[in-house]
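Peer 1: Protein sequence lines, in the order shown, are assigned to chains A and B. First residue of the first sequence: 1, per the numbering used here; consecutive thereafter. First residue of the second sequence: 10001, per the numbering used here; consecutive thereafter.
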Amino acid sequence: MSAPPNGTAQVTWADVNRDVIRTIGMPGNTYFAWMCLVGLILAAGVSAWAWQIWVGMGAAGKRTPQMWAMYITTFVFWIGIGHAGTLISAILYLFRAKWRTSIYRGAEAMTVFAVMTAGLFPVIHAGRMWFAYWLLPYPNQRFLWPNFKSPLVWDVFAISTYLTISVVFFIVGLVPDIAALRDQATGFKRKIYAVLSLGWEGSDSQWRHYRRGYGLLASLATPLVLSVHSVVSFDFAMALVPGWHSTLFAPFFVDGAIFSGFAMVLVLMLPMRYLFNWYAYIGDKHLDAMAKLILVTSLVLTYFYACEVLTSWYSGEHFERASLFYKATREYAWAYWLMYFCNCVTPLVFFWKKARTHVVTLYVVSIFVLIGMWFERFNIIVPGLGHDFYPYTWGTYYPTVTDTTIIIGSFAWFLILFLGFIRVLPSLSIVEVKEVLPHPLKRGAHAGHH
Amino acid sequence: MKPIDRRSFFKIVAASGAAAAAGGCGPSPETYLSYVSPPEDIIPGEPSYFSTVCRECPAGCGLVAKNRDGRIIKLEGNPDHPLSAGTLCIRGQAGLQSLYHPDRFRQASAGGKPIGWDEATKRLSDKLGGLLKANQGARIALVTGLESGTLARLMDEWVRALGARPRIGYEPLGYEALRAANRIAFGRDTIPHYAIGEASYLLSFGADFLETWLQPVAYAVGFARMHAFAHGRAGTFVQIEPRLSMTGANADEWLRNAPGTEGLVALAILRVILDEGLQSPDADAATLREAVKDVDVAAAAKSADVPAETVKRIAQDFAKSKGGLAIGGGAAAAGSNATEALVAVNLLNAAVGAVGTRLSFGSDSALGRVSPYSEMVKLTEAMGKGEIDVLVLVDVNPVYNMPPRSGFADAVGKVPMVVALASRPSETTARAHLVLPTLHPLESWGDYEAESEVIGLMQPTMGPVPIDGKPVEARATGDILLSVGRAALGAEEGKGPLKWGSFQELLNEEWQKRAKEYAPGKPFPEFWEEALRRGGVWRPASPVPVSLRKEAARVSREALKLAGDGSHTLLVYPSNRFFDGRGADKAWLQEAPDTMTQVAWDAWVEVPTETAAKLGLRRGDLVKLTSPHGSIELPSYPYELIHPGSVAVQMGQGHRFPGAYAAGAPPVDATNPRPATFLNVGASPVELLGGAADPASGGLPYLAVKVARARTGGRRPLAVPQATFDQDDRGVAEYVSLAAAKELELRGRVPEQASHPSMYPPVRYPEYRWGMSVDVDLCTGCSACVVACQSENNVPVVGREQVAYGRAQQWLRIERWQEGTATRPLNMFLAMFCQHCEVAPCEPVCPVYAAYHTKEGLNAQVYNRCVGTRYCGNNCPYHVRRFNWWNYQWVTPLDVQLNPDVTVRQLGVMEKCTMCVQRIVAAKALARDAGRQVKDGDMQTACQQTCPTRAITFGNLKDGAAQVSKLSRSPRSYHVLEELGTRPAVTYLKKVTRGAEPAGKEKGHKA
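(1) If you measure from the beta carbon of ARG10056/B to each beta carbon in chain A, is any gap under 9 Å?
(2) Show which residues of chain A have a CB atom less than 7 Å away from the CB atom of TRP10601/B.
(3) Using DSSP with H/G/I as helix, E/B as strand and the rest coil, what is THR10993/B?
(4) With a threshold of 7 Å on Cβ separation, who are the neighbours of GLY10174/B within its own chain once the five nearest residues in sequence on each side are excluded?
(5) Between the region 333 to 353 of chain A and the region 370 to 389 of chain A, do at least 3 Cβ pairs fall closer than 8 Å?
(6) Name the residues in the region 10784 to 10809 of chain B whose C-beta lies less than 7 Å from a C-beta of chain A; which are they?
(7) Please give the ranges of any beta strand (DSSP E) in the region 10737 to 10793 of chain B, keeping only runs that are unbroken, at least 3 residues long and fully inside the region.
(8) Residues of the region 10818 to 10836 of chain B with a CB closer than 9 Å to any CB of chain A: list them in chain order, please.
(9) Any idea if GLU10530/B is buried or exposed, counting beta-carbon neighbours within 10 angstroms, 16 or more meaning buried?
(10) Can you tell me where the beta strand (DSSP E) holding LYS10074/B begins and where it ends?
(11) Going straight from the alpha carbon of VAL10845/B to that of TRP154/A, what length do you get?
(12) Take SER10109/B and list the residues in its own chain whose beta-carbon comes closer than 7 Å to its own, dropping the five residues that flank it on each side.
(13) Report the rounded CA-to-CA distance for LYS98/A versus ILE171/A, giving the unit in angstroms.
(14) With H, G and I counted as helix, E and B as strand and the rest as coil, what does DSSP make of LEU10570/B?
(15) When Cβ atoms are compared, which residues of the region 208 to 229 of chain A fall closer than 8 Å to chain B?
(16) Does the beta-carbon of ALA10015/B have 16 or more other beta-carbons within 10 angstroms, so that it is buried, or is it exposed?
(17) Identify, in the order they occur along the chain, each residue of the same chain with its Cβ nearer than 6 Å to the Cβ of LEU10254/B, setting aside the five sequence neighbours on each side.
(18) Would you kindly check if the distance between the Cβ of GLY119/A and the Cβ of MET57/A is under 9 Å?
(19) Under three-state DSSP, which class holds THR186/A?
(20) Which of helix, strand or coil does DSSP assign to HIS10655/B?
(21) With DSSP collapsed to three states, give me the class of THR405/A.
(22) Please state whether the Cβ-Cβ distance between LEU10532/B and SER10048/B is less than 9 Å.
(23) Contact criterion: CB-CB distance below 9 Å. Does PRO139/A meet it with respect to chain B?
(24) Would you list, in chain order, the members of the region 10864 to 10876 of chain B that have their beta-carbon closer than 9 Å to a beta-carbon of chain A?
(25) Closest to TYR10988/B by CA distance: which of GLU10979/B, SER10970/B, GLY10981/B, LEU10980/B is it?
(26) Listed in chain order, which residues of the region 236 to 252 of chain A have Cβ atoms closer than 8 Å to some Cβ of chain B?
(27) Do GLY10328/B and TYR10201/B count as a contact pair if the criterion is CB distance below 9 Å?
(28) Alpha carbon to alpha carbon, what distance is there between VAL10399/B and GLU10505/B?
(29) In chain A, which residues lie with their C-beta within 7 Å of the C-beta of LEU10858/B?
(30) Is the shortest distance between the beta-carbon of GLU10640/B and the beta-carbons of chain A less than 9 Å?
(31) Sorted by chain position, which residues of the same chain lie with C-beta nearer than 7 Å to TRP49/A's C-beta, five sequence neighbours on each side aside?
(32) My output table needs one value for ARG18/A: the three-state DSSP class, helix, strand or coil.
(33) Can you name the residues of chain B whose CB is closer than 7 Å to the CB of THR451/A?
(34) Could you check how far apart the C-beta atoms of ALA10185/B and VAL10343/B are, in whole angstroms? I think they sit under 8 Å.
(35) At 3 residues or longer, what runs of the beta strand (DSSP E) sit wholly inside the region 10813 to 10848 of chain B?
(36) So, using beta-carbon positions, are ARG10160/B and PRO10437/B closer together than 9 Å?
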């Protein structure tokens, strides 16, 4: 990639409209080829799931003592990914971090889709997935309620709340932009966008209400950023398993989630910037800001890792020590050390300013971070369960074709949603980008919808 | 395209609807029909119980079969039986799988093709009749298993009537050397009664009396009485054998001798006793002295590879105990000098005054009537020479059990007509020209004299097993012999030597005689009914006094003769699960891991760790063993509890005959893995042995060859569910020394090490709190409970791959935990199942209350409610929860055995031990009818019921007087992983170690 023009200084409002809206519409052959490829992978994943439902969970390589394995790993991974979006839109919005404007729409879409992907896994994981709805507190004639003591029920609430708020936030943020699309579109499309824009006219009163509502939603979403992953971490922290039963887990998980979420944002935004030629909107300062966040969260994560090891060792707890030692030295030791390398070592390059804006470095480090974060959860679950209290059952899980295919399929599911999104909805916020444009240029604008 | 009209539209809709409906309702609709005229004695849903005799091995333990709606669903020990005292071993528990074996012969067959009964019996009787006419009855041979009752009489009458060769009662484990030794020492060619329960010091020279030796169940009952720590006392048990067997693992001390030196050690012990004048005052000291006059203790100990001081100490303790009993024998010690060794053991008994007290002739074991192996060798010769025209084999499998070198299998090919009477296939039936299916012992009349004057009565406990809706076309062995014999003789019913119309008639005649003898004056119908109810008749046999013969002093000290020049002595030992191999076609037995090695589903060779290290052998590396007589290939199992100069292979695997479980059998359903090909796994060690009989005893020397071992480079990983035998100081299996146990008895229980404060109020149990206790000191590791639980609770068999991958489904497992060193090991057997914790980690994590705590303290699992998140399975620190990873199968007709009181679990749900909740419910219903609460002893769990040593106790913990409450308060009691604060309802009692302390820490607890 050649060095593109950076910053938003020379962009006009009209440019914004044009640059965003041209990403929408009839895509080319390359796009369809990608869709086909991703669709095929998704179909393979769905078939693998159907097979698993038909023959049983035995197809998924789980065993005693690893009754959980890659599904929960990937579930936590996607939930983590789903964090960056809300963090950028809500928390950074409240803190008025202006650099967020050009990335938040993509990040929000990523959040929604990541949570939608994550939400599949508890169902895929259940031995009788056809009864998974029993986890919901729905009225029934038997007066049976879920067990509110169970962290899995907390998960249900946490994730469904998070999904609801993320979707609402996403849609609300889209309203003025869809109105812009509506104004440009013709025929059938115009009608659809007209409905989706909820009658947005851009009047002053609408803007006043919109701002207030958006702010309120942002304040609602903010605690969720912290709570969802805390609750997900309780799945582990509330259990008895050595290495799981720890008060460290909530902040540890939240930090890891933000860390991996930002990596995913970079992984998605860098190609988009290239393909859509959005160098004017996503510039060095954006990349720099995100790289800094990755660096900070990485350092915090390293601190948590150190805490984990220290408490295991210093507590003198036989079980904890043995479990940690097992993780670091036995079958999945490579995964354990890979995790340290990816999560603690590679992000350190961001101490150099150049690396923070160097696209290839950013991309490679982000991929490493994603791998590392997936393996972090893997290490907690698979080797973590492999050497717990009871020596008789110690053992190792091995992946199977079925569960690996389902997991790869989940990435295809996420990508297919994201690929669809970038072609039907503005993946850059027209409104918010305009807001941060330098004032004088507004005069030259002739966008009629404001 | 033609537009669809209304009529065709409806046709399509109807057709697709029907297809959808048919696709949704499983394989085939079942028919439910009520009785038109119900049988009077069967109440639907109410079980009836029938007493009979277990015939899974020659021990002949009493059995009670539970019949539900016309089919047997459970076997339990007969509590009235004098030998087995209501308990049963693992093989007895699995007897149901021979009854419902998928391979059971459906009908008679000739050359593998089904033929009608009349045709089949006609072929046999014509042949026999022809020989009879030609006055060539001697060309007929009858080989049967050990029979000791009326059937034995009938068989002998049959042989006599036809003028056939004398019947051979063949048992692969025939104890010929034991009989020969008794002949030499006491002048009696029998196997006496060993009152192990009366001994205070038991010295065993290789006898695996807790596994297969003679009467293992009765001995386990006695062993518990003799050895258990009770009221501050406990007997001592020392095992002398080259490879630590499960029996040996229960010993307080294991003396690892060089193979074949048992006699030497016995004589050395005797020498010490005599030198120190410790013999019993009425012992024949002169004869004894004569026997050991040139025995040098130090030299003997050296050549036996045991420390001389230990021999001395054992000799002193043994003699001073005043309750010493020495036993010996077993296949692992059956070498060329076995008879001498057992004479030496007899001398020891004579020296400590055990003869006539703890070892008594008169109550002789049925096993004394086994025809020696040499008879089979003679028969083989005759067959080879073409002297036999008809060979009738009844329930025996010599083709498998006799070494190939004996030539039996080849000789069978030279017999013009081989007839097998059996209920299921074997290598022998596969070579028979004619197969006549027999009824299973549980379907037939009969009797069996397990020991003199202990006569078990067998009755049909159910009709012939239905397979695919059709009962098997089988007949009782006695009936077949009668009808065929009469037809051959050309006699009519009621006439001639085989006059009885049916075997039942003959049985009746015999028992009328018995009635006069056992209950003079009592009307026969009354006696008969009582005998049927009780399961037989028994009374103490009058003892036969014996004295030591002078000949015994001439015991030689011949060294063991071994064929071949290999590097290692081959130890062949019988299997606790498969016996001599007859149990290997039962999936329950295959899936229950071998106690010592924890290997399921396979055969293996135990290689000393030193050798394994030298050869770089890991567990599962294939090793080829070669003796002068043959070679076999087996996965290696490095084992430290074996004499370094030997390797050991268990008997029983390596079958080669077709069947539902044989290689190549089609799976029932592609989506449902099942143990399809276990039968042909492994190899039989018998293939390495020579075929000649031992001249001294006439038995087959199992300890006879040296083998060369070579690594083949191949690998076949073994299915071993236990990850490690080292409990890593986690407080899983705990022990105390005898002295400490005695002190504890005085001081009382040490309070739990930590209190576990809780923000929840204490759990209240309004009526009952069910609990169990398991005495680790009593558990011998026999694993009968594993199969008992499996049959009671419809636990599926999952197969080798699944067991290897940690998906065994048994609710109860026997774990072996080892402490100490290789030569001074301490092995503890721990029965682990759901602990029914009061603060159960599995309960709060279940999102749907499928795991919940009942008001009776049970940790219940509601299968219907379970979604299968498996959170409970992770959170259970004991990992006793079992998940239904697949849809498990019961191959027809094994499904007939399923207990209707227990749900068969669906794919995707969690399951585990329920403390036999169905039995609790039944006991509560009975108690309610009687207007009272459930009393202690009203019900037993399946595992508790079968346990020969009574290591498991179940009851109501709220009842302070209940046995389980008392045991739970025992000073020896502890909870597994106590520090986790789960407060289990299952309390374990620490093992008590005697003698020298094993190396290591006192309590096995660090965490």
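Virtual Cβ for every residue (Gly too), placed ideally from N, Cα, C. Computed from a predicted structure; not experimentally measured.
Peer 2: To lay it out plainly:
(1) By 1-based counting over the second sequence, the position of residue 10056/B is 56. Rather than Arg, the amino acid found at residue 10056/B in this sequence is Glu. So no, GLU10056/B is outside the interface.
(2) Along the second sequence, one-based indexing puts residue 10601/B at 601. Per Cβ cutoff of 7 Å: no residues; TRP10601/B is ~16 Å from chain A at best.
(3) Start at 1 with the first residue of the second sequence, and residue 10993/B comes out as number 993. Reduced to three states, the DSSP call for THR10993/B is strand.
(4) The residue labelled residue 10174/B in the question sits at position 174 within the second sequence. For GLY10174/B, where only same-chain residues beyond five positions count, the Cβ hits under 7 Å are VAL10370, PRO10372, TYR10373, GLY10699.
(5) yes
(6) Listed by position, the residues of the region 10784 to 10809 of chain B near chain A (Cβ gap below 7 Å) are TYR10805, GLY10806, ARG10807.
(7) 10770 to 10775
(8) Of all residues in the region 10818 to 10836 of chain B, the ones placed with a Cβ closer than 9 Å to any Cβ belonging to chain A are LEU10830, MET10832, in chain order.
(9) Mapped onto the second sequence, residue 10530/B falls at position 530. Looking at its Cβ environment, which holds fewer than 16 other Cβ atoms inside 10 Å, GLU10530/B is exposed.
(10) Residue numbering aside, residue 10074/B sits at position 74 when the second sequence is read from its first letter. Looking at the DSSP string, the run of the beta strand (DSSP E) that includes LYS10074/B is 10071 to 10077.
(11) On the second sequence, position 845 is the one that residue 10845/B refers to. On the first sequence, position 154 is the one that residue 154/A refers to. Approximately 11 Å, taken between the alpha carbons.
(12) Taking the second sequence and counting its residues from 1, one reaches residue 10109/B at position 109. Around SER10109/B: ILE10115, VAL10435.
(13) The sequence position of residue 98/A within the first sequence is 98, counting from 1. The sequence position of residue 171/A within the first sequence is 171, counting from 1. Approximately 20 Å between the Cα atoms of the pair.
(14) Locating residue 10570/B in the second sequence gives position 570, counting from the first residue. Strand.
(15) none
(16) Numbered from its first residue, the second sequence carries residue 10015/B at position 15. Only weak support is given to the placement of ALA10015/B: the predicted model assigns it a pLDDT of 49, under 50, and the value that follows is read from those uncertain coordinates. Around the beta carbon of ALA10015/B, a 10 Å sphere encloses fewer than 16 other beta carbons of the protein chains shown; the residue is thus reported as exposed.
(17) On the second sequence, position 254 is the one that residue 10254/B refers to. Checking the sequence shown, residue 10254/B turns out to be Trp, not Leu. The residues are GLN10239, LEU10244, GLY10248.
(18) For the purposes of this step, residue 57/A is taken as residue 57 along the first sequence, with counting starting at 1. For the purposes of this step, residue 119/A is taken as residue 119 along the first sequence, with counting starting at 1. Result no, Cβ atoms of MET57/A and GLY119/A do not sit closer than 9 Å.
(19) By 1-based counting over the first sequence, the position of residue 186/A is 186. THR186/A falls in the coil class under three-state DSSP.
(20) Numbered from 1 along the second sequence, position 655 holds the residue referred to as residue 10655/B. Looking at HIS10655/B - three-state DSSP - the assignment turns out to be coil, as it is neither helix nor strand.
(21) Numbered from its first residue, the first sequence carries residue 405/A at position 405. Here THR405/A sits in helix by DSSP.
(22) Taking the second sequence and counting its residues from 1, one reaches residue 10532/B at position 532. Taking the second sequence and counting its residues from 1, one reaches residue 10048/B at position 48. Pairing LEU10532/B with SER10048/B gives a Cβ-Cβ distance that is not under 9 Å.
(23) The residue labelled residue 139/A in the question sits at position 139 within the first sequence. Closer than 9 Å: no.
(24) ARG10865, CYS10866, VAL10867, GLY10868, THR10869, ARG10870, TYR10871, CYS10872, GLY10873, ASN10874, ASN10875, CYS10876
(25) As a working note, residue 10988/B is residue 988 in the second sequence. Per the Cα distances, SER10970/B.
(26) MET238, ALA239, LEU240, VAL241
(27) Sequence index remark: in the second sequence, residue 10201/B carries index 201 (1-based). Sequence index remark: in the second sequence, residue 10328/B carries index 328 (1-based). Taking 9 Å as the Cβ cut-off, TYR10201/B and GLY10328/B do not qualify as a contacting pair.
(28) For the purposes of this step, residue 10505/B is taken as residue 505 along the second sequence, with counting starting at 1. For the purposes of this step, residue 10399/B is taken as residue 399 along the second sequence, with counting starting at 1. Using only the alpha carbons, I get a separation of about 33 Å.
(29) As a working mapping, residue 10858/B is identified with position 858 in the second sequence. What LEU10858/B touches in chain A, judged by beta-carbon distance under 7 Å, is nothing: the nearest beta carbon there is about 17 Å away.
(30) As a first step, residue 10640/B is located in the second sequence; it is residue number 640 there, counting from the start. So, not an interface residue.
(31) Looking up residue 49/A in the first sequence gives position 49. Cβ within range, chain order: ILE124, ILE406.
(32) Numbered from its first residue, the first sequence carries residue 18/A at position 18. Helix.
(33) Outside the modelled stretch of chain A, which goes from 1 to 450, sits residue 451/A, for which no answer is possible.
(34) Mapped onto the second sequence, residue 10185/B falls at position 185. Mapped onto the second sequence, residue 10343/B falls at position 343. At roughly 5 Å, the Cβ-Cβ gap stays under 8 Å, so ALA10185/B and VAL10343/B are in contact.
(35) 10813 to 10820, 10825 to 10832
(36) Walking along the second sequence from the start, residue 10160/B turns up at place 160. Walking along the second sequence from the start, residue 10437/B turns up at place 437. Contact: no.
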